[in-house]
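Asks: Using the numbering used here, you'd call the opening residue of the sequence shown number 388 and step up by one each time.
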Amino acid sequence: MRKIVSFALRQPKINAYLRRLYSEVRSAADAVTHPATAVPEATPIDTRRSDQEFSRLTLLVPALSVQHVFGGIATALQVFTAIGESYTNLRIVLTDEAGFTHDKNPAFSGWSIKELDDDDAEGKVIVPAGDRWSKTLPICAGDVFVTTSWWTTSIAARIQAEQQTMFLLPKPQKYIYLIQDYEPGFYPWSARYALAEATYHKAENFLAIFNTSILKDFFQSEGYEFPLATHFEPTLHPQLKIRLPSDPSAKRQKKIIIYGRPGVERNAFPIIVMALKNWIAEAKPEGWTIVSAGEAHPPVDLGGGYTLTSLGKLSIEGYAAELSSAFIGVSLMISPHPSYPPLEMSAFGVQVITNKYKSKDLAQFSPDISTVDFVSPESVASLLGDLAQAYDLPSTPRSLAGDYPELTTYTDSDQDFRWLRAWVDENRL
Numbered sequence: 388m389r390k391i392v393s394f395a396l397r398q399p400k401i402n403a404y405l406r407r408l409y410s411e412v413r414s415a416a417d418a419v420t421h422p423a424t425a426v427p428e429a430t431p432i433d434t435r436r437s438d439q440e441f442s443r444l445t446l447l448v449p450a451l452s453v454q455h456v457f458g459g460i461a462t463a464l465q466v467f468t469a470i471g472e473s474y475t476n477l478r479i480v481l482t483d484e485a486g487f488t489h490d491k492n493p494a495f496s497g498w499s500i501k502e503l504d505d506d507d508a509e510g511k512v513i514v515p516a517g518d519r520w521s522k523t524l525p526i527c528a529g530d531v532f533v534t535t536s537w538w539t540t541s542i543a544a545r546i547q548a549e550q551q552t553m554f555l556l557p558k559p560q561k562y563i564y565l566i567q568d569y570e571p572g573f574y575p576w577s578a579r580y581a582l583a584e585a586t587y588h589k590a591e592n593f594l595a596i597f598n599t600s601i602l603k604d605f606f607q608s609e610g611y612e613f614p615l616a617t618h619f620e621p622t623l624h625p626q627l628k629i630r631l632p633s634d635p636s637a638k639r640q641k642k643i644i645i646y647g648r649p650g651v652e653r654n655a656f657p658i659i660v661m662a663l664k665n666w667i668a669e670a671k672p673e674g675w676t677i678v679s680a681g682e683a684h685p686p687v688d689l690g691g692g693y694t695l696t697s698l699g700k701l702s703i704e705g706y707a708a709e710l711s712s713a714f715i716g717v718s719l720m721i722s723p724h725p726s727y728p729p730l731e732m733s734a735f736g737v738q739v740i741t742n743k744y745k746s747k748d749l750a751q752f753s754p755d756i757s758t759v760d761f762v763s764p765e766s767v768a769s770l771l772g773d774l775a776q777a778y779d780l781p782s783t784p785r786s787l788a789g790d791y792p793e794l795t796t797y798t799d800s801d802q803d804f805r806w807l808r809a810w811v812d813e814n815r816l
């Protein structure tokens, strides 16, 4: 049969007929494909009047399962916990997760889990809302909402309007918007771009909390106005802090560690790979190890006998060990947020390559951070070559006092969001 089919396909008339048939079937299939008419993650959560009368702080986050609690969601939970010390009743609404059980995140084993249509309840409650068709969320006049990510904010803004109408409030109950990046930049010009950008308007209806002064300054430089806004600065993760090397300038391995996240466009993984290939082709270096941390991916052939080996998402212990031994780190972030890996690498004494973005320039943060004015394989490869050549030069102890106060604060301070509670209480009414 295989020979008969092979013979038939080699006949010009039969081949042409099959091609026409395929084209017609494909065109018919395309004709019935439905265009996108909604943005699923921003689907509104309908509300109903609660039979309870109490004050409550409600956090809207996409998910709470352990594998999702890092970066922005982890920071949102920290901020929510600090502000929540003023409240007896706390609620977390999961906008993307349709179901949640305590084994998905044992840290919340003391919280009740309710469905959207369940009766409202006091105490600490988690409500999965990923499946919200024909269901409603109970709200009361005393509900205050905390959001992060543009779509949770879009959902909260609609709930805020319904709350004002439902309870005849003289003005909207301000929600708290934790802004952790310029999120329209996550997308091409599109519906999602427009919806994300829209959340930064009508700022009189929310309190803005910015993740870093660098990000806040970017928004101001772009002409956004936030009548009530504050910010916090990052500090080194406490479990990394206890693993800092006693002498960051001690001799290290000939190792390059990159922050490799192929699935996150703003981390520019392809540019890092192209830069490594350029450097290897031009410099023909010897004896280096090149590893990638952040997101698991297949090995990448860099030429010249070198392979970029993925370590995936490391444990805190594993990450600290890599930072303690690597000489060069490469971490790009095509956005106004500084991102944490360059700061973490520099705290451990790694020679870091990252990028500027408008007013952002992390070279002011640490003597171990070098920044490219514009991001290209050539600009990154050039800095990489300079740093690699410096490996054989005598190392000198770092003197940070006075010159890099932000780095000193970053490594010596503990993150404490409790001051936010007083700021929110003072400005929300």
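Glycine is no exception: its CB is placed at the ideal position from the N, C-alpha and C atoms.
Quick caveat: nothing in here was measured; it's all calculated off a predicted structure.
Determine the direct distance from the alpha carbon of Leu-749 to that of Tyr-646, and round the result to whole angstroms.
Replies: Whole-angstrom Cα-Cα distance: 16 Å.
Asks: Can you list, in chain order, the residues of its chain with a C-beta nearer than 8 Å to that of Ser-608? Leave out the 5 residues immediately preceding and following it.
Replies: Around Ser-608: Lys-745 and Ser-746.
Asks: Among Thr-424, Leu-524 and Ala-425, which has the Cα closest to the Cα of Leu-447?
Replies: It is Leu-524 whose Cα lies nearest to the Cα of Leu-447.
Asks: Where do the N-terminal and C-terminal ends of the alpha helix (DSSP H) with Asp-812 fall, by residue?
Replies: From DSSP, the alpha helix (DSSP H) with Asp-812 extends over 805-814.
Asks: In terms of DSSP beta bridges, what is Asn-654 paired with?
Replies: Paired residue(s): none; Asn-654 is not in a bridge.
Asks: Nearest CA to the CA of Gln-776: which residue from Trp-666, Ser-718, Ser-633 and Tyr-706?
Replies: Ranking Trp-666, Ser-718, Ser-633 and Tyr-706 by Cα distance to Gln-776 puts Trp-666 first.
Asks: Taking the alpha helix (DSSP H) that Thr-462 belongs to, which residues open and close that run?
Replies: Unbroken alpha helix (DSSP H) run through Thr-462: 458-470.
Asks: Return the Cβ separation of Lys-501 and Val-480 in integer angstroms, given the expectation that the two are a contact with Cβ distance under 8 Å.
Replies: Their Cβ separation, rounded to whole angstroms, is 10 Å, which puts Lys-501 and Val-480 out of contact at 8 Å.
Asks: Taking only three categories from DSSP, how would you classify Pro-792?
Replies: Pro-792 falls in the helix class under three-state DSSP.
Asks: Provide the residue span of the alpha helix (DSSP H) that contains Ser-711, from first to last.
Replies: Taken as a continuous stretch (DSSP letters only), the alpha helix (DSSP H) holding Ser-711 covers 703-712.
Asks: What are the partner residues of Arg-579, as DSSP defines its beta bridges?
Replies: The partner list for Arg-579 (beta bridge, DSSP) is empty, contrary to what the question assumes.
Asks: Would you mind sorting Pro-725 into buried or exposed? The rule is 16 or more other CB atoms within 10 Å of its CB.
Replies: By the neighbour-count rule (16 or more Cβ atoms within 10 Å), Pro-725 is buried.
Asks: Got a sec, what are the start and stop residues for the alpha helix (DSSP H) Thr-540 sits in?
Replies: Residues 537-553.
Asks: Look at the Cβ atom of Val-533, then the Cβ atom of Leu-503, and state whether they are nearer than 8 Å.
Replies: No, these two residues do not count as a Cβ contact at 8 Å.
Asks: Three or more C-beta pairs closer than 8 Å, one from the segment 671-688 and one from the segment 614-633: is that the case here?
Replies: Not touching, per the Cβ criterion.
Asks: Using alpha carbons as the reference points, say which of Asp-518, Ile-659, Thr-535 and Phe-487 lies closest to Val-512.
Replies: Val-512 has its Cα closest to that of Phe-487, out of Asp-518, Ile-659, Thr-535 and Phe-487.
Asks: Sort Ser-733, Trp-810, Met-720 and Ala-578 by Cα distance to Thr-424 and report the nearest one.
Replies: Thr-424 has its Cα closest to that of Ala-578, out of Ser-733, Trp-810, Met-720 and Ala-578.
Asks: Taking the C-alpha atoms as reference points, what is the distance between Leu-556 and Gly-572?
Replies: So the alpha carbons of these two residues sit roughly 35 Å apart.
Asks: Hey, quick one: how far does the beta strand (DSSP E) through Lys-511 stretch, first residue to last?
Replies: 511-515 is the span of the beta strand (DSSP E), which, as asked, contains Lys-511.
Asks: Can you tell me where the beta strand (DSSP E) with Gly-690 in it begins and where it stops?
Replies: 687-690 is the extent of the beta strand (DSSP E) around Gly-690.
Asks: Could you please give the first and the last residue of the uninterrupted beta strand (DSSP E) stretch that includes Leu-770?
Replies: Segment 764-776 is the alpha helix (DSSP H) holding Leu-770; no beta strand (DSSP E) there.
Asks: What are the boundary residues of the beta strand (DSSP E) that Leu-698 is part of?
Replies: Counting along the chain, the beta strand (DSSP E) containing Leu-698 begins and ends at 693-699.
Asks: Only counting runs of 3 or more residues, tell me where the beta strand (DSSP E) segments fall wholly within the segment 581-627, in order along the chain.
Replies: The segment 581-627 contains these whole beta strand (DSSP E) runs: 593-598 and 616-619.
Asks: Relative to the C-alpha of Gln-751, which residue among Ile-601, Ile-596, Ala-494 and Val-531 is closest?
Replies: Measuring from the Cα of Gln-751, the nearest candidate turns out to be Ile-601.
Asks: Only counting the same chain, and skipping five residues up and downstream in sequence, which positions put a Cβ closer than 8 Å to that of Ser-718?
Replies: If we look at Ser-718 and ignore the five residues flanking it on each side, its Cβ neighbours are Ile-645, Tyr-646, Asn-654, Ser-726, Pro-728, Pro-729, Met-732, Val-739, Ile-740 and Thr-741.
Asks: By how many angstroms is the C-alpha of Leu-771 removed from the C-alpha of Gln-640?
Replies: Looking at the two C-alpha atoms, the distance is approximately 15 Å.
Asks: If you follow the beta strand (DSSP E) that Ala-680 is in, where does it begin and where does it stop?
Replies: Unbroken beta strand (DSSP E) run through Ala-680: 676-681.
Asks: Taking the alpha helix (DSSP H) that Pro-729 falls in, what are its first and last residues?
Replies: Unbroken alpha helix (DSSP H) run through Pro-729: 728-734.
Asks: For the beta strand (DSSP E) that Lys-642 lies in, which residues bound it at each end?
Replies: That run of the beta strand (DSSP E) goes 642-647.
Asks: On a Cα-Cα basis, can you pick out the residue from Lys-561, Gln-802 and Ala-450 that is closest to His-618?
Replies: Per the Cα distances, Gln-802.
Asks: Determine the extent of the beta strand (DSSP E) in which Gly-716 is found, giving its start and end residues.
Replies: Segment 715-717, the beta strand (DSSP E) holding Gly-716.
Asks: Is the separation between the beta-carbon of Gly-736 and that of Pro-635 shorter than 8 Å?
Replies: Yes, they are a contact pair.
Asks: By Cβ distance below 6 Å, which residues in the same chain neighbour Val-466 in space, the five residues on each side in sequence not counted?
Replies: Around Val-466: Leu-565 and Phe-804.
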